[in-house]
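Student: Structure provided below as structure tokens; questions to follow.
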Amino acid sequence: MVKQEAVHIWNTISFLAMIDFNMACDKNVWHDIVKNNVKDVFQLMRAQEAEHAHLLYSWLSAMEIECYLLLGASTVEGPYAAYVLVKLNTLVICNPTTGSIYDLNDQLCPLFDIACACNSDNIWANIQKPGPLFAMNFDFANASRWRSFWNKRMPARQLPSVQPETLEYTNPNQDVTIKLEARLRKAIADHLMRQRPNELTRFNRFAGQTFRDCLLTMEKNLNQPFNAVDETKSSLQTLLDAYKIFTRNLLC
């Protein structure tokens with residue numbers, strides 16, 4: 004079950020990283036900007052750090068994966084960083100803006116200070132001494148480490164959510180997709196031919212179709228990556244047997 008959840012997290016965060024970062028907003032007034040809900044983010048296909056993080060949190064929560072929204076400071080995003088903490092058999096920190104996933108012991112994780120953690124039930128202020136993430140306690144029930152906003156003296160108010168209960172995903176426009184694919188093929192072919200001004204460049208249709216089939220197979224088997232590897236390996240081996248493409252066998 005943990006392996007399946009890890010695959011869901013990887014697929015989700017990889018998709019979210021494709022949403023462009025909204026450069027129209029000044030980071031100096033980041034905290035004063037009204038945030039878009041997940042429906043608006045998909046319509047605009049642009050988002051700030053907090054909107055990326057909230058979208059990832061919403062998706063993982065819908066899949067019943069325990070996670071928390073982290074707000075703090077990082078060496079990359081500055082004082083208004085937004086990450087997502089995911090609890091599986093171990094703790095991992097996800098940066099939905101870049102698609103990176105970090106272990107708590109990872110020295111490359113840019114998040115160095117956590118101001119608060121949030122979920123749909125409460126908000127916890129971090130009252131621990133500043134320090135590395137691996138030395139931080141993430142037991143939000145520990146009152147000496149985290150101070151909850153809602154408590155017995157001030158119960159949580161049942162305010163309605165601004166997020167839609169469900170998202171309707173529409174199929175892409177096939178005509179636009181075909182035109183875009185043709186433009187990409189032409190752009191790639193033109194670039195390769197420019198790199199070989201003194202050579203005649205021919206494109207092998209069989210090889211191109213084989214690679215396209217492999218990509219489709221890998222996309223359909225995102226939740227079962229080992230099955231995709233076996234299928235694509237046999238297809239590529241047939242291609243290698245028919246044509247001399249590489250100077251050495253890359254499938255060893």
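Position one of the sequence shown corresponds to residue 4 (my numbering), numbered consecutively onward. Cβ atoms here follow ideal geometry from the backbone N, Cα and C, with glycine treated the same way.
What number of angstroms, rounded off, separates the C-alpha of Met21 from the C-alpha of Tyr83?
Tutor: 21 Å
Student: Which of helix, strand or coil does DSSP assign to Leu203?
Tutor: If DSSP states are grouped into helix, strand and coil, Leu203 belongs with coil.
Student: Can you name the start and end residues of the alpha helix (DSSP H) that Gly134 belongs to?
Tutor: Counted as a single uninterrupted DSSP element, the stretch harbouring Gly134 is not any alpha helix (DSSP H), since DSSP gives it neither H nor E.
Student: Starting from Ile22 and walking both ways along the alpha helix (DSSP H), at which residues does that stretch end?
Tutor: Per DSSP, Ile22 belongs to no alpha helix (DSSP H) and is neither H nor E.
Student: Decide if Ile104 is buried, meaning its Cβ has at least 16 other Cβ atoms within 10 Å, or exposed.
Tutor: Its Cβ being crowded by 16 or more others within 10 Å, Ile104 is buried.
Student: With burial defined as no fewer than 16 other Cβ atoms inside 10 Å of the residue's Cβ, what is the status of His257: buried or exposed?
Tutor: This structure cannot settle anything about residue 257, because the visible part of the chain is limited to 4 through 255.
Student: Just how far apart, CA to CA, sit Lys42 and Thr173?
Tutor: 12 Å
Student: Could you please give the first and the last residue of the uninterrupted beta strand (DSSP E) stretch that includes Tyr105?
Tutor: Ser103 to Asp106
Student: Verify whether the separation of the beta carbon atoms of Cys121 and Leu72 is less than 8 Å.
Tutor: yes
Student: Count Cβ pairs between the segment 136 to 154 and the segment 50 to 64 that sit closer than 8 Å; are there 3 or more?
Tutor: no
Student: If you count every other CB in all the chains shown that lies within 10 Å of the CB of Asn39, and 16 or more means buried, which is it?
Tutor: buried
Student: So, Ser123 versus Ser64, is the Cβ gap smaller than 8 Å?
Tutor: yes
Student: Have a look at Glu234, Asn224 and Leu239 and flag the residue whose alpha-carbon is nearest the alpha-carbon of Gly211.
Tutor: Leu239
Student: If you run the structure through DSSP and keep just helix, strand and coil, what is Cys97?
Tutor: It is a strand residue.
Student: Could you tell me whether the Cβ atoms of Gly257 and Ile117 are closer together than 8 Å?
Tutor: Absent from the model: residue 257. The displayed extent of the chain is 4 to 255, so no value can be given.
Student: Applying the 10 Å Cβ sphere with the 16-neighbour rule, what's the burial state of Ile96?
Tutor: buried
Student: Which whole-angstrom value describes the C-beta separation of Ala128 and Trp149, a residue pair presumed to lie in contact below a C-beta threshold of 8 Å?
Tutor: Contact holds; Cβ gap of about 7 Å.
Student: Under a three-way DSSP split, which group does Pro45 fall into?
Tutor: The sequence as given places Phe at residue 45; Pro does not occur at that position. Here Phe45 sits in helix by DSSP.
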